[in-house]
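Quick note on the UniProt record's numbering: the sequence shown kicks off at 1 and runs consecutively. Backbone N, C-alpha and C fix where the C-beta goes; we use that ideal spot for every residue, glycine too.
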Amino acid sequence: MSGNQLLPQLVAHLREHRAKLRNEWASRIRDAHLLEAMTPQEMAAETTSVYDNYVEVLETGSVEALQHYARDLSERIIPRGVETHEVVGIVLLLRDVLARSLFEKYQRDFALLNQILDAYEPAANRIANTVAVSFVDERERVIRQQQDAIKELSTPVLPVRERLLILPIIGVLDSERARQLTEQLLSGIRTHRAKVVVIDITGAPDVDETVANHLVQTVDASRLMGASVIITGLSPTIAQTLVTIGVDLSKMNTIGDLQGGLEEAERLLGYTVTRKVVTDGS
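See the structure below:
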């Protein structure tokens, strides 16, 4: 009898003993200290869902349906703090629980048992691999989203007043972050119809040649969109780097500190900058 002919018999057995096998599997999960980030109710719901989908994929052989289910599962349980090794662990435990059940049922007919396991094991391994890969892909997607969110928070484009933006840069400015900085700044210029932008790099410890050239390109791109750029907070180290690598400084309007940069920006916008003298009243 071929594997395809045996699968319906195998699936019928797993469905008939669903409650017993699922409970045994859940007990093995608890003993292995997996899914402890989930409540007992959540674990019961998810293990029931995983069991049913597992058996359905054994029956249909539809990897596409399994991939879709695995992505949905990953989206639900990753936010609850479930780790990759836990997902792989529970799927392997389920594979073993079901294999033991099949062994108990067919152990008296060794030839049939071998045929059953020959049909079951490749399908079970394919399920385990598919779930693991889908979970890892989803976790990597979540990590990328978190990294993008952190980068956006670390390079905020702030409207100071009408037509004036400030972009404070804090931390290491690498090539990827410099590219993102340019995208955010140009988007901010369009959104706020900015005419002047102050980029303050007081909090940036250093820049390399690639980033320095990217900074110049950012200034050029901003100018093409109708906004002048003032760079403030150049450290002696960064200033020396710009000179050493031959950056065209004629394209860059630099002011020593942020306060001076804002005053220059307001002057460019036509505002009158006055200093209020405070006396002690004596």
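Query, Result
"For ILE245, which three-state DSSP category applies?", "coil"
"Should TYR271 go down as buried or exposed, given a rule of 16 or more other Cβ atoms within 10 Å for buried?", "exposed"
"Please check the pair ALA265 and ILE230, which I expect to be a contact at CB under 8 Å, by giving their CB distance rounded to whole angstroms.", "6 Å"
"State the Cα-Cα distance for the pair ILE29 and LEU35, rounded to the nearest angstrom.", "7 Å"
"In the structure shown, what three-state DSSP assignment does VAL196 receive?", "strand"
"Is it buried or exposed, GLU162, if we count other Cβ atoms within 10 angstroms and call 16 or more buried?", "exposed"
"Would you call the stretch 120-137 in contact with the stretch 70-85, where contact means no fewer than 3 C-beta pairs closer than 8 Å?", "yes"
"Below 8 Å on the Cβ atoms is my contact criterion, and I expect ARG139 with THR84 to pass it. Report the Cβ-Cβ distance as a whole number of Å.", "6 Å"
"DSSP three-state label for LEU173, please.", "coil"
"What's the gap between the Cα of MET225 and the Cα of LEU186?", "8 Å"
"Classify THR237 as helix, strand or coil using the three-state DSSP reduction.", "helix"
"Would you give the residue range spanned by the beta strand (DSSP E) that ARG161 belongs to?", "158-161"
"Give the single residue among GLY81, ILE77, ALA32, VAL11 whose Cα lies nearest to the Cα of TYR51.", "VAL11"
"Tell me whether residue 301 is buried or exposed, calling it buried when 16 or more other Cβ atoms sit within 10 Å of its Cβ.", "Past the edges of the chain, shown from 1 to 282, lies residue 301, and the structure says nothing about it."
"What do you reckon, are the CB atoms on ALA221 and THR182 nearer than 8 Å?", "yes"
"For LEU21, count neighbouring Cβ atoms within 10 angstroms of its own Cβ and tell me buried if that reaches 16, exposed if not.", "buried"
"Quick check on this structure: which residue in GLN41, GLU176, LEU258, VAL63 has the alpha carbon closest to the alpha carbon of LEU165?", "LEU258"
"By how many angstroms is the C-alpha of GLN180 removed from the C-alpha of ASP118?", "52 Å"
"What does the alpha-carbon distance come out to for the pair ASP235 and GLY81?", "The sequence shown places Ser at residue 235, not Asp. Between SER235 and GLY81, the C-alpha separation is close to 42 Å."
"What's the gap between the Cα of LYS251 and the Cα of VAL219?", "8 Å"
"What number of angstroms, rounded off, separates the C-alpha of VAL211 from the C-alpha of LEU173?", "7 Å"
"Report the residue from VAL196, ASN125, ARG76, TYR120 whose alpha carbon sits nearest the alpha carbon of VAL142.", "ARG76"
"Kindly give me the distance between the Cβ atoms of PRO159 and GLY203, rounded to whole angstroms, as I take these residues to be in contact under 8 Å.", "Their Cβ separation, rounded to whole angstroms, is 20 Å, which puts PRO159 and GLY203 out of contact at 8 Å."
"With distances taken from CA atoms, which of GLU56, LYS195, GLY246, VAL207 is nearest ARG267?", "LYS195"
"When the distance is taken between beta carbons, is VAL207 closer than 8 Å to ILE170?", "no"
"Considering Cα atoms alone, identify which of GLN5, ALA37, THR48 is closest to ARG15.", "THR48"
"What separation, rounded to the nearest whole angstrom, lies between the Cα atoms of GLU263 and GLN184?", "23 Å"
"With DSSP as the reference, label VAL211 as helix, strand or coil.", "helix"
"Which value, in whole angstroms, describes the spacing of the CA atoms of GLU121 and ASN53?", "16 Å"
"Find the nearest neighbour of VAL55 within the set ARG18, GLU42, TYR106, judged by alpha-carbon distance.", "ARG18"
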